[in-house]
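What follows is a single structure, written as structure tokens, with notes after it.
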Amino acid sequence: MKFSKQRIMTIAKIILPIVLIGFIFYQGQNELRSLSLQESIQAIRQVPSWQFILLILAGLAAVSTMFFYDFFLLRSLEAKAPIGLIFRASWIANSFNGIIGFGGLAGMAIRSALYRPFVEGGRLLKAIGWMAPTLISGLSILSALSLLHVFPAFEVLDLKKWLWPVIIGVAFFFPLYLLFSFRRGNSSIHPKSIALYSLVSLAEWFSAGVVVYLILAALGTDVSFSKVIGVFIIAATAGLISMVPGGFGSFDLVFLIGMQRAGVEEGIVLTGLLIYRLVYYLIPFLIGVIFSAREFSGPVVKMIEDKPIVGPSMEVGGVIWRLQLRFLSKIRHFTLALITLVAGITIWGLAILPPVSTQYEYLESKLPHEALLLANSFFLMGGLLFVLLSTALYRRTKRSLYMMYGASFFALIGMALRGFNLISFLAVIIVLVLLLMSRKAFHRERTLITTTRFIRVAFAGLLYIGGFVFFGYAFYTLGSADGTKVYPAHEIFMFAASASIFALVYGLVFIRLFNTFNQPVLGERFDAEKIESVLREQGGNYLSHLAFLGDKRFFFSETGRSFIQFSQTGNRIMVLGDPSGDPKEHSQVIASFLRRVEDLGYIPNIYQIQAQNMSLYHDFGFNFFKLGEEAIVDIPSFTVSGKKRAGLRSIKNRFEREGMTFEVVEPPISGTLLAELQEVSDEWLGGKSEKGFSLGYFHEPYLNRAPIGIMREAEGRLIGFMTFMPAYQEGVLSIDLMRFRPDGPNGIMDAMFIRLFEYAKDEGYHTFNMGMAPLSSVGEDETSFWQERVAADVFNNIRYMYSFTGLRRYKEKYDPKWEGRYLAYRKRQSLPMAILKATRLISRKKDRILLP
């Protein structure tokens with residue numbers, strides 16, 4: 008097998024970081040054995056709140072230095088962007104880079120999206136590309152100073168000799184970059200810009216080291232400033248070569264080894280690292296998400312696209328540009344869900360152990376013990392709801408938004424009665440702020456509670472509560488041995504049970520109240536005059552006339568010149584056919600309808616669409632299943648003459664000899680005739696129920712909407728009838744009901760069709776739709792998709808009343824042209840289930856679907 012250079016590089020990019028991280032952890036396995044996460048968490052909890060706040064401010068100040076990257080970048084391009092936007096954009100780009108990384112692609116995508124209105128895309132990307140290498144020039148300078156013993160860390164290098172070539176290589180990066188840039192004489196980046204970027208990089212890396220020093224000082228260590236910075240530099244170079252965002256893992260382990268050599272206890276170092284990750288990475292990232300909630304909202308993205316520089320360039324870089332915007336507009340919703348999940352897990356971790364604070368001791372002395380237990384139950388309940396609602400937040404449903412407000416309230420109440428804790432307070436407040444800033448993006452009313460979703464939520468809840476009990480009991484066992492303050496075992500179980508019950512009751516009550524007071528309706532009821540006006544003026548299709556059955560709802564376009572007819576069955580919205588009305592509005596009305604359906608949490612299916620419209624539905628993300636084929640007869644060419652039509656000619660002649668008459672009756676239909684029609688219909692049904700949705704049924708207002716063809720015996724007895732179904736297209740006709748007496752003469756169906764075709768030819772019609780032969784050649788071949796074969800079995804075996812066997816064979820005698828009809832269903836959804844819902848809807852009794 009031959010490997011191309013590109014493939015080798017791709018494999019190396021995946022394998023190299025894994026090998027490096029594995030090697031670093033192998034080197035530090037002795038140090039890892041003595042670590043205790045429990046002790047570190049206890050140590051964090053004992054840091055005074057005011058010190059924690061100062062450390063957070065120090066971390067934010069250090070991250071703020073990276074603003075000048077973007078400031079100098081735009082100044083070099085002479086782009087006039089507002090300072091506030093530059094600050095927010097740089098914060099989003101740099102904080103996302105530290106967590107997400109993608110080799111700097113996240114930061115590049117964010118910058119190119121937000122700065123594109125102010126500078127041409129090609130120049131911007133080129134400038135960002137030249138700026139990128141200078142981001143580590145500051146670390147290169149610091150590495151050189153470390154080698155010059157300004158920031159000594161030789162003990163670490165002597166202990167882990169493999170770090171020598173790493174720091175030497177990083178130290179030489181900056182001078183080599185300068186040499187490479189100026190020898191090529193590249194005019195893309197000015198020496199002044201390199202100098203400014205390098206100064207910012209130096210400030211960035213040095214300020215990060217200062218944050219680490221302040222954290223260790225707050226934890227009571229007495230290591231010198233130069234020693235901490237020296238170890239930080241070595242650890243940062245190890246994190247750099249691992250190519251992991253933020254150097255996670257490799258930086259931490261090397262720093263741990265270095266500070267242990269400097270005489271700091273490993274527990275304090277681990278605590279310091281946890282705080283560093285919190286104040287320098289996590290909290291800035293959360294702030295970046297808050298900024299992104301504004302910068303990548305729908306109106307802002309539209310405003311960016313409308314900029315004079317952006318508009319013309321959409322044709323050239325449209326694909327990449329739209330992918331960036333799509334990624335960035337979605338990532339804020341994903342991040343909100345992720346932050347909510349992390350906040351819930353944080354509450355879970357803090358609820359396992361009793362608070363360690365003077366406030367809690369004071370509350371213990373003033374409040375009944377049961378009140379404190381109830382407070383922790385509320386606190387844990389809030390965390391449980393945070394976790395369970397996180398996925399619904401990603402779907403942006405109003406119900407989840409309002410439920411999260413209540414969950415935050417319970418978490419804050421529990422927190423207030425437990426004693427103030429900065430971490431849990433920040434976790435809840437950040438989620439609340441994000442929810443408030445993003446509330447306009449929550450346009451969906453709800454998601455339906457399906458069996459699958461219920462099982463997923465129940466499993467997540469059991470995992471959350473089960474983990475709380477497991478670790479709570481583990482801490483109880485360990486804490487009892489070493490004297491750590493822990494909750495007794497029975498209280499752990501009580502917290503788990505009460506939080507679960509509270510969350511369940513809250514969820515059930517809230518959903519019931521929400522559904523009671525918030526009942527948005529999809530579409531509107533049947534309005535005969537409005538529908539008739541659209542069909543007469545704008546036209547329709549073969550299924551449009553079924554709107555007058557009154558068993559469906561209707562969704563109109565903004566202009567009211569086109570509409571969609573549909574019914575609801577369970578959690579699905581089943582649309583009947585293509586839109587009716589102005590063809591120019593079909594795409595718009597489908598888009599509006601699907602947005603509304605998804606906002607209400609339903610699953611859309613479209614039944615019996617025409618083949619020529621499949622590309623339209625494909626653009627909206629639908630897959631297709633062939634329901635069958637409709638027989639379309641060309642009226643002008645139809646004749647009973649010739650050898651092939653001898654059978655039809657014989658039937659026609661026999662009925663004429665026996666005195667059978669055929670007549671087309673225009674509405675309004677007299678009461679006497681309606682009674683005769685009802686008698687024939689009842690005999691034909693034989694006591695079985697009428698069907699609906701895509702099939703007409705005997706309903707007097709419906710029958711009075713179109714002409715009816717009737718056939719009588721010589722004695723005048725009505726023996727059969729067929730109701731016309733206008734297609735609201737010039738020269739096109741179809742029929743709906745075709746019923747006859749079971750004791751009528753043989754060949755009555757053919758006789759009525761022949762007479763109808765003759766009538767249609769005389770009236771100037773050119774096309775007649777004989778209806779569908781369901782599942783014609785669908786799922787029969789062994790190479791067919793398995794879902795189609797299953798769906799075919801469902802449709803064939805659940806006939807309820809009508810048998811489709813032989814329909815195609817019967818209609819073939821009229822030499823029709825066959826046109827496919829399809830079911831459109833969403834990708835990743837069950838086709839057999841969609842078929843089952845459609846057949847149930849068709850077979851539903853008419854008294855259950857008629858709308859008042």
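Under my numbering, the first residue of the sequence shown is numbered 8, with each subsequent residue one higher. Ideal Cβ placement from N, Cα and C applies to all residues, glycine included.
Same chain only: Cβ atoms within 8 Å of residue i, ignoring 5 sequence neighbours per side
i	result
residue 761	647, 655, 658 and 659
residue 233	157, 158 and 159
residue 608	404, 451, 452, 453, 454, 455 and 578
residue 396	347, 407, 410, 411 and 414
residue 687	725, 726, 727, 728, 746, 747 and 748
residue 681	707 and 710
residue 33	Confidence in residue 33 is poor, its pLDDT being 48 and thus under 50, which makes the residue's placement unreliable; the coordinate value appears in the next sentence. Closer than 8 Å at the Cβ level, and outside the excluded window around residue 33, lies no residue.
Per-residue DSSP class, three states only, for residue i
i	result
residue 612	strand
residue 637	strand
residue 563	strand
residue 590	helix
residue 272	coil
residue 472	helix
residue 575	strand
residue 647	coil
residue 669	strand
residue 725	strand
residue 41	Residue confidence is low: residue 41 scores 46 on pLDDT, short of 50, so the model does not pin down where it sits. Its coordinate-derived value is still stated next. Coil at residue 41, not helix or strand.
residue 716	strand
residue 484	helix
residue 406	helix
residue 101	helix
residue 730	strand
The alpha helix (DSSP H) enclosing residue i, as first and last residue numbers
i	result
residue 72	Looking at the DSSP string, residue 72 is not in any alpha helix (DSSP H), and its letter there is neither H nor E.
residue 204	198-225
residue 765	755-769
residue 686	678-692
residue 833	Per DSSP, residue 833 belongs to no alpha helix (DSSP H); it is in the beta strand (DSSP E), 824-833.
residue 838	838-850
residue 401	376-401
residue 661	653-664
Supposed contact pair residue j and residue i - C-beta distance, whole angstroms, cut 8 Å
i	j	result
residue 418	residue 359	Contact flag wrong, Cβ pair sits at about 15 Å.
residue 428	residue 357	6 Å
residue 780	residue 818	6 Å
residue 731	residue 642	Actually they are not in contact, since the Cβ atoms of residue 731 and residue 642 sit about 14 Å apart, beyond 8 Å.
residue 97	residue 77	4 Å
residue 149	residue 240	5 Å
residue 831	residue 616	6 Å
N- and C-terminal bounds of the beta strand (DSSP E) containing residue i
i	result
residue 536	Premise fails: residue 536 lies in the alpha helix (DSSP H), 535-545, not in any beta strand (DSSP E).
residue 743	739-747
residue 864	Nothing about residue 864 can be read from this structure; the chain reaches only from 8 to 859.
residue 531	It is not in any beta strand (DSSP E) - residue 531 carries neither H nor E in the DSSP assignment.
residue 581	579-583
Same chain, Cβ closer than 7 Å to residue i, five either side skipped, listed in chain order
i	result
residue 872	The question about residue 872 has no answer, for the chain in this structure spans 8 to 859.
residue 836	610
residue 834	628 and 630
residue 20	Confidence at residue 20 is low in this model, with a pLDDT of 48, below 50, so the placement of that residue should be treated as unreliable; the coordinate-derived value is given next. Correct list: empty, nothing qualifies.
residue 676	710, 711 and 715
residue 88	81, 122 and 125
residue 238	160, 163, 262, 265, 266 and 269
Cβ-based neighbour list, residue i, same chain, cut-off 6 Å, excluding 5 preceding and 5 following
i	result
residue 310	Only weak support exists for where residue 310 lies, its pLDDT of 44 falling under 50; the coordinates are left without a value.
residue 755	727 and 747
residue 323	Only weak support is given to the placement of residue 323: the predicted model assigns it a pLDDT of 38, under 50, and the value that follows is read from those uncertain coordinates. Taken in chain order, the list of residues that qualify is empty.
- Task: Check whether the region 710-719 touches the region 661-675, counting contact only when three or more Cβ pairs, one atom from each stretch, lie closer than 8 Å.
- Result: Yes, they touch.
- Query: Counting Cβ pairs, one atom from each stretch, are 3 or more of them under 8 Å apart for the region 594-601 and the region 561-577?
  - Reply: Three or more beta-carbon pairs drawn from the region 594-601 and the region 561-577 are found closer than 8 Å, and the two stretches are therefore classed as touching.
- Query: When the Cβ atoms of the region 833-851 are set against those of the region 693-701, are three or more pairs found closer than 8 Å?
  - Reply: At 8 Å Cβ cutoff, the stretches touch.
- Would you say the region 425-438 touches the region 462-470, given that touching needs at least three Cβ pairs under 8 Å? With fewer than three CB-CB distances shorter than 8 Å, the region 425-438 does not count as touching the region 462-470.
- Task: Report yes or no: do the region 525-542 and the region 568-582 share at least 3 C-beta pairs separated by less than 8 Å?
- Result: Taking a cut-off of 8 Å on C-beta distances, the region 525-542 touches the region 568-582, as three or more cross pairs fall below it.
- Evaluate contact between the region 267-274 and the region 194-211, counting only Cβ atoms and requiring at least three cross-stretch pairs below 8 Å. They do not touch, by the three-pair rule.
- Message: Assess contact between the region 731-741 and the region 540-548, defined as three or more Cβ pairs (one per stretch) separated by less than 8 Å. Is contact present?
- Response: The region 731-741 is in contact with the region 540-548.
- Given 8 Å as the limit, is there contact between the region 225-245 and the region 254-272, that is, 3 or more CB pairs closer than that? They touch, by the three-pair rule.
- Can we say the region 502-522 touches the region 548-559, given the rule of at least three CB pairs closer than 8 Å? Cβ pair count under 8 Å is below three, so no.
- Query: Does the region 65-74 come close enough to the region 212-229 to have 3 or more Cβ pairs within less than 8 Å?
  - Reply: Touching, yes, given that three or more Cβ pairs across the two stretches are closer than 8 Å.
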